[in-house]
Ligand SMILES: [Zn+2]
């Protein structure tokens, strides 16, 4: 009997330890990043003065002009596609970013062989790790009409370029962490969407980077898609990065309380959403932490001739830009030092 009592005491003690550990983990704000959660840290919040300063850097005219330059017909292997590709490359080179192209040729339905070009831009090419943003810059081919694809995804790409312009004097060139912008090619299917006919660029890049060991250097990947409509709503589609999504929700709330949001309503909602296939998938399957910022309500103009720049809602778009700008600066300011990480 004493032995049995001892066993019960041991079980009770174990239960208490487990419950205490779980409670403690809920009470700390530590979040993980990196493939397989290799880095752990607590973000340092921006103060109100910093937020007001960063909000004051908005350049709505730049954002509008950038959307206009990208929202043209840009099906892979067409002149519009080259024009947009060159525009993005030149834009970032002028801001002194390092820009590289991942070029490959693949057979696709309808058009036989197509040469794709992923654009990879790094603010500091010598950094050891990156906070990554992604969008797709190709537009879907439609036989019966010209598809300009403003929300799908010219606006997302313009948000990334606008961010690079606005923050150009705010990067303090930490040698360990930097910002990376990836413009994927060939997201759209040429025929019916399938695992083989879609995500050409992201599948190629994720595989290439896995071979080169580069995926381990991505802290977190935020993919933007279908942004630009007035009824955009961004939900938590991926539970494993919910802590980071919550930061976006909290930042939007803080901006609202400070009276520096264009709208009186939140666009980021800490509610579970149903995730759909997109360029994050090949990375997520390889354990890269992802936040998928796609409107859970599809734009009314989705895959229609009306998906034009003139139908873009710049109030919601600016609000998304503001929240992302705060997120980036908070992240780059407070990301853990590489000296404490496995990448030393
Ligand atoms: Zn589409």
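Residue numbers (the UniProt record's numbering): 1 to 344. Here a beta-carbon is modelled for each residue, glycine too, at the ideal position from N, C-alpha and C. Please read all numbers here as calculations on a predicted model, not as lab measurements.
Residue i: CB within 6 Å of a non-hydrogen atom of ligand 1
| i | result |
| --- | --- |
| residue 192 | no |
| residue 306 | no |
| residue 309 | no |
| residue 152 | yes |
| residue 140 | yes |
| residue 188 | yes |
Residue i to residue j span [Cα, whole Å]
| i | j | result |
| --- | --- | --- |
| residue 26 | residue 243 | The pLDDT assigned to residue 26 is 45, lower than 50, so where the model puts this residue is not dependable; a value taken from the coordinates is nonetheless given after this. Those two C-alpha atoms are separated by around 11 Å. |
| residue 184 | residue 225 | 11 Å |
| residue 330 | residue 118 | 28 Å |
| residue 333 | residue 107 | 43 Å |
| residue 213 | residue 286 | 11 Å |
| residue 51 | residue 156 | 22 Å |
| residue 78 | residue 93 | 23 Å |
| residue 167 | residue 320 | 15 Å |
| residue 315 | residue 158 | 14 Å |
| residue 112 | residue 313 | 37 Å |
| residue 96 | residue 129 | 19 Å |
| residue 257 | residue 305 | 38 Å |
| residue 350 | residue 322 | Beyond the ends of the chain as shown, which are 1 and 344, falls residue 350; an answer cannot be given. |
| residue 90 | residue 80 | 15 Å |
| residue 126 | residue 188 | 32 Å |
| residue 254 | residue 30 | 20 Å |
| residue 282 | residue 251 | 28 Å |
| residue 301 | residue 307 | 5 Å |
| residue 47 | residue 55 | 12 Å |
| residue 289 | residue 131 | 11 Å |
| residue 284 | residue 218 | 12 Å |
| residue 49 | residue 317 | 23 Å |
| residue 324 | residue 53 | 15 Å |
| residue 65 | residue 191 | 31 Å |
| residue 179 | residue 124 | 7 Å |
| residue 240 | residue 328 | 19 Å |
| residue 175 | residue 76 | 36 Å |
DSSP bridge partner residues for residue i (one or two, in chain order)
| i | result |
| --- | --- |
| residue 165 | Answer by DSSP bridge pairing: none, since residue 165 is not bridged. |
| residue 286 | According to DSSP, residue 286 bridges with nothing at all. |
| residue 276 | Answer is none; residue 276 lacks a bridge partner. |
| residue 44 | Answer by DSSP bridge pairing: none, since residue 44 is not bridged. |
| residue 130 | 178 and 218 |
| residue 136 | 184 |
| residue 104 | 116 |
Cutoff 6 Å; reference residue i; Cβ partners in own chain excluding five residues on either side
| i | result |
| --- | --- |
| residue 181 | 121, 133 and 160 |
| residue 235 | 269, 271, 273 and 296 |
| residue 309 | 67, 68, 71 and 150 |
| residue 154 | 67, 70 and 71 |
| residue 204 | 104 |
| residue 201 | 116, 118, 184, 185 and 186 |
| residue 198 | 189 |
| residue 339 | Low confidence applies to residue 339: its pLDDT is 47, below 50, so where it sits in the model is not reliable enough to give any reading. |
Contact set for residue i: own chain, Cβ-Cβ below 7 Å, skip 5 residues either direction
| i | result |
| --- | --- |
| residue 292 | 223, 237, 238, 275, 278 and 280 |
| residue 311 | 150 and 301 |
Residues near residue i in its chain [Cβ-Cβ closer than 8 Å; skip 5 each side]
| i | result |
| --- | --- |
| residue 233 | 267, 269, 295, 296 and 297 |
| residue 35 | 215, 216, 218, 286, 287, 288 and 289 |
Ligand 2 heavy atom lying under 6 Å from the CB of residue i
| i | result |
| --- | --- |
| residue 148 | Only ligand 1 can be found as ligands here, which leaves ligand 2 out of the picture. |
message: Taking 8 Å as the cut-off, does the stretch 136-156 touch the stretch 90-105 (at least 3 CB pairs, one atom from each stretch)?
response: no
- prompt: Should the stretch 261-281 be regarded as contacting the stretch 39-51, the criterion being three or more beta carbon pairs within less than 8 Å?
  reply: no
message: Using a Cβ distance threshold of 8 Å, determine whether the stretch 229-242 contacts the stretch 135-144, with at least three qualifying pairs required.
response: no
- prompt: Quick one: any contact between the stretch 245-259 and the stretch 72-88, if contact means 3 or more CB pairs under 8 Å?
  reply: no
- request: Please determine if the stretch 155-163 and the stretch 201-213 are in contact, where contact requires at least 3 C-beta pairs separated by less than 8 Å.
  value: no
message: With three or more C-beta pairs closer than 8 Å as the rule, is the stretch 261-268 touching the stretch 296-310?
response: no
Stretch pair the stretch 171-179 + the stretch 48-65: three plus CB contacts closer than 8 Å: no
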